[in-house]
Amino acid sequence: MTVQIQGESLLNDGTAIVLYSVTVKMLEGEEFGAHEVAVFLLRVVLCAIVLGAVVGGCCVIWLQLSCRRLDDHSSFVQIAITLLCAYWSFILAEGLFGMSGVLTTVTASLVLADRMWPSIVSKESMNNSWHMFEFIGNNVIFFLAGSLSGQVMYYIDLRDYLHLLVLYLVCNAVRGIMLLLSMPVFKLLGKGLQPVSLADSAVMWWGGLR
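Take a look at the structure:
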């Protein structure tokens with residue numbers, strides 16, 4: 001269930017950023033018809049997945065070449081390679097090709113998570129390092145979000161709070177409906193594994209909302 005929630009969170013963030021990009025471009029005056037939206041999604045989403053798979057595959061090969069279990073520095077080199085993979089995938093996608101950096105990074109990380117472990121010199125060091133990166137990253141992101149949103153708190157009136165409450169309730173309802181509709185899919189994907197129960201779905205429904 002933990003893996004499902006984490007994977008869903010990553011894909012949700014990537015999808016939300018793509019839709020946000022389309023909305024921002026429309027607000028800036030660009031016109032999007034059905035064809036333009038389809039081309040934009042094809043470039044931003046599908047091409048991002050392909051690029052992420054390529055970057056992840058290259059980094060897997062690099063990790064295999066750096067696997068020297070008798071060398072004390074190999075573990076540090078491999079940690080640096082995984083960190084570079086995250087930066088490269090995002091920067092190449094966003095800065096060079098105009099794709100979704102989040103989806104590219106997620107795809108590259110999935111390739112690494114599936115293929116890299118036989119070549120990792122110290123799994124404990126790798127896990128501990130990435131737990132630290134995750135902790136620092138989350139703190140920086142939420143600190144910046146709070147700092148930026150705090151500037152507009154003085155201009156929010158009661159009506160805005162009511163809109164926010166309605167939006168929160170609607171998001172809860174939509175998320176619950178989508179999880180219920182996805183139950184048959186969970187059962188098909190989970191053959192041979194522990195089935196997703198209604199209790200698990202309830203935790204996923206509540207735990208996935210921030």
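Read in full-length UniProt numbering, the sequence shown has 21 at position 21, and its numbers run on one by one without any break. Just so you know, even glycine gets a beta-carbon here, dropped at the ideal spot from N, CA and C.
So within the region 102-162, which uninterrupted alpha helix (DSSP H) runs reach at least 4 residues, ignoring any that extend past its ends? 123-150
Using only the alpha-carbon positions, how far apart do Gln64 and Arg115 sit? 10 Å
Threshold first: 4 residues or longer. Then list the alpha helix (DSSP H) segments lying entirely within the region 45-105, N to C. 47-65, 74-91
List the whole-angstrom C-beta distance separating Ala108 from Val55, where the pair is believed to meet the contact cut-off of C-beta under 8 Å. 5 Å
So, under 8 Å CB-CB, Thr105 and Gly52 are touching, yes? Tell me the CB distance rounded to an integer number of Å. 7 Å
Within this structure, are the beta carbons of Leu129 and Cys67 separated by less than 8 Å? This sequence places Ser at residue 129; Leu is not what is there. Going by C-beta atoms, Ser129 is not nearer than 8 Å to Cys67.
Please state if the CB of Ser75 and the CB of Ser125 are separated by a distance shorter than 8 Å. yes
On a CA-only basis, which of Lys187, Gly137, Ile49 is nearest Leu83? Give me that one, please. Gly137
Counting pairs of beta carbons, one from the region 27-43 and one from the region 84-96, are three or more of them closer than 8 Å? no
Backbone CA spacing between Phe142 and Tyr155 [nearest angstrom]: 21 Å
Rounding to the nearest angstrom, what Cα-Cα distance links Trp206 and Cys85 in this structure? 32 Å
Tell me whether Ser201 sits in a helix, a strand or coil according to DSSP, three-state version. helix
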